[in-house]
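A.B. asks: Could you have a look at this structure, given as C-alpha cells, before my questions?
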Amino acid sequence: MCEEAERDPLDEPIKADVKFMFSSIPVTTGIRVPTPPVWTGGKGTMDFFDEFGPRKKVMPTEEDLKACYFCLNLNLIDEERGHETIELPEGFYCHEFLRLNPSNIQEFLAFQRRYGIVKGAREQKPSGTGMRESLRPEPDHNVFSGANAGYYRHQLEGILASAELYDSVPDQEYVYDRELIKLGAVSFQEAIFAVLDAQAAIRNTTRVLRDDLPTMTKREAALAKISSEYVAHFLPNLFPSIELVTIDDKGKDSHSNVSDLITAVFAQLARGLLNNEAYRVCANPECNRLFTPREMGRRLDTKYCCPECQERAKRLRYAARHA
20 MCEEAERDPL
30 DEPIKADVKF
40 MFSSIPVTTG
50 IRVPTPPVWT
60 GGKGTMDFFD
70 EFGPRKKVMP
80 TEEDLKACYF
90 CLNLNLIDEE
100 RGHETIELPE
110 GFYCHEFLRL
120 NPSNIQEFLA
130 FQRRYGIVKG
140 AREQKPSGTG
150 MRESLRPEPD
160 HNVFSGANAG
170 YYRHQLEGIL
180 ASAELYDSVP
190 DQEYVYDREL
200 IKLGAVSFQE
210 AIFAVLDAQA
220 AIRNTTRVLR
230 DDLPTMTKRE
240 AALAKISSEY
250 VAHFLPNLFP
260 SIELVTIDDK
270 GKDSHSNVSD
280 LITAVFAQLA
290 RGLLNNEAYR
300 VCANPECNRL
310 FTPREMGRRL
320 DTKYCCPECQ
330 ERAKRLRYAA
340 RHA
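Here the sequence shown stands for residues 20 to 342, where the numbers follow my numbering.
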C-alpha cells in the first residue's frame, strides 16, 4: 500500500492561521439561536392539541408537567442542512422573553418554534462521550445555583423528569421514532421553570438600573447579587475567556456566537447591565413592559417604550378627563 494512502487525515496540515482569542462582555455582534422544529409528546399531549378539532387544554396539571414534553420533530429536520438559526432581536431578553407566559402551553410552543427550544441548566458533556450517556439529561451543578429558591427546586425536578423519559427508551440500536425523540425530551416542568427562573434573574438584576422605582431595599440588593452570579455562570459557555480559533483565507475566525436560548438571553442581559442601560416600565397602563430607551431608540427620559404607547396613553388620559 502506498505511503499516501496510509496517512492519517488528522496529520494533514491546517490551511489557516491558528491563534488564541480573548473574549469579553459586552459583545459587539448578535447572538444566534438554533430553531429546530419543536413538537410535543407524552401521555396526555393530545389533551392540549387536536389537529381534527379545537384546542382543548392550555394550563398543564401536576401530572402533565412530568409526563408531557417538548421534543424535536425528526421528520422535519433536513439531514443535509440541519436546522436554521436566527439572531435574537435587540432587547429580546426584557421584551419578548419577559412577556412570555410559559405556563400557557399553547403560547410556549409557538414561542419555541419561533425562537428555539428551551432546556434547563443541563450539563454540557465533553465530546467523545458515548451517545446515550452524552444525551441523558442531568443538572449542571457548575451553574445550577438558581435565581429563585422555589423555581430552582421545580427546575431540578423537571430535569430529573426528563431523565426518566430518556431512561424509558429501550437500550437498543434501533427504536421507533416515537421512542427516539425521548432522547432529547424536555419535560414541561423543566422548560417552564427554566423560563420562570431566567425571568426572575432578569427582573432581579435590572432592578438595580430601574430609575422609575424607589431606593432599593437590602432584600432586593441581595436578590440582584444572587441573580447576577447565576447569570455569570452561564456566560463562559458562550464566551470562554481564552479560545483557540482558526482564521480562514478570508480573515474570518471559527468563533460563532451560536447558543441555546437561555444562555443567549443571559448574554443579552449581561451586555445591557455592563453598558449601564436605564430600565423602566412603560407608562402606558395597557402595556407595562420593561424596556430600555436606548435599545428602543427613544429619548433617555421617555416614559413610553414606543410612540404608539405614548399616543395610546394620551388618548386614555383624554378619555378619563371627559368621562
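From the three backbone atoms N, C-alpha and C, an ideal C-beta is built for every residue, glycine too. Remember, predicted model here, so these are calculated numbers, not experimental data.
#1: Measuring straight from C-alpha to C-alpha, what distance separates Arg141 and Tyr88?
#2: Measuring CA to CA, which of Ala289, Ser181 and Val188 is closest to Ala217?
#3: Among Arg197, Phe207 and Phe111, which one has its Cα closest to the Cα of Val284?
#4: Could you compute how far the alpha carbon of Cys298 sits from the alpha carbon of Ala241?
#5: Hey, quick one: how far does the alpha helix (DSSP H) through Tyr170 stretch, first residue to last?
#6: By the three-class DSSP mapping on this structure, what secondary structure does Ser260 have?
#7: Near Glu183, what residues of its chain come up, given a Cβ to Cβ distance below 8 Å and the 5 sequence neighbours on each side ignored?
#8: For Met65, which of helix, strand or coil comes out of DSSP?
#9: Three or more beta-carbon pairs under 8 Å between the region 192 to 202 and the region 167 to 175, yes or no?
#10: Can you give the beta carbon distance from Gly63 to Cys90, rounded, assuming they're within the 8 Å contact cut?
#11: Using 8 Å as the threshold, is the C-beta distance between Gly49 and Asn256 below it?
#12: Between Tyr195, Leu128, Gly149 and Glu115, which has its C-alpha nearest Thr311's C-alpha?
#13: Nearest by alpha-carbon distance to Ser206: which of Asn295, Asn223, Ile124 and Lys244 is it?
#14: Taking Pro156 as the reference, give the member of Ser181, Glu262 and Arg132 with the closest Cα.
#15: Going by DSSP, which residues form a beta bridge with Ile105?
#16: Would you identify the three-state DSSP class for Cys113, choosing helix, strand or coil?
#17: Look at the alpha carbon of Arg308 and the alpha carbon of Cys324, and state the distance between them as a whole number of angstroms.
#18: On the DSSP bridge list, what partners appear for Phe310?
#19: Mind checking who Tyr88 pairs with in its DSSP beta bridge?
#20: Pick from Cys306, Ser43, Val227 and Ile33: whose alpha carbon is nearest that of Ser260?
#21: Is the beta carbon of Arg132 sitting closer than 8 Å to the one on Val52?
#22: Exposed or buried, Leu215, counting other C-beta atoms within 10 Å across all chains shown (16 or more means buried)?
#23: Between Thr234, Pro32, Pro55 and Glu31, which lies nearest to Leu280 when the distance is taken from Cα to Cα?
#24: Give the DSSP-derived three-state secondary structure of Pro158 in the structure shown.
#25: For Thr265, which three-state DSSP category applies?
#26: If you count every other CB in all the chains shown that lies within 10 Å of the CB of Gln287, and 16 or more means buried, which is it?
#27: Starting from Arg229, follow its DSSP beta bridges and name the residues at the other end.
#28: Report, in whole angstroms, the separation of the C-beta atoms of Ser122 and Met78, which I expect to be a contact under 8 Å.
#29: For Tyr337 and Tyr134, what's the separation of their Cα atoms in angstroms?
#30: Whole angstroms are fine: how far does the CA of Asp27 sit from the CA of Leu117?
C.D. replies: Inspection of the coordinates gives the following:
#1: 15 Å
#2: It is Ala289.
#3: Phe111
#4: Position check: residue 298 holds Tyr in this sequence, whereas Cys was assumed. So the two alpha carbons sit approximately 19 Å from each other.
#5: It spans Ala168 to Asp186 - the alpha helix (DSSP H) in which Tyr170 sits, taken as one unbroken run.
#6: Here Ser260 sits in coil by DSSP.
#7: Lys85
#8: helix
#9: Remark: fewer than three beta-carbon pairs, one from each stretch, lie closer than 8 Å, so the region 192 to 202 and the region 167 to 175 are not flagged as touching.
#10: Not confirmed; about 15 Å, so no contact.
#11: no
#12: Minimum Cα-Cα distance from Thr311 among the listed residues Tyr195, Leu128, Gly149 and Glu115 corresponds to Glu115.
#13: Ile124
#14: Ser181
#15: Val52
#16: helix
#17: Rounded to the nearest whole angstrom, the C-alpha separation of Arg308 and Cys324 is 8 Å.
#18: Arg299
#19: Gly60 and Ser206
#20: Ser43
#21: no
#22: buried
#23: Pro55
#24: strand
#25: strand
#26: buried
#27: Tyr298
#28: The beta-carbon distance between Ser122 and Met78, rounded to whole angstroms, is 6 Å. This is short enough to meet the 8 Å contact definition.
#29: Their backbone Cα atoms lie some 38 Å apart in a straight line.
#30: 51 Å
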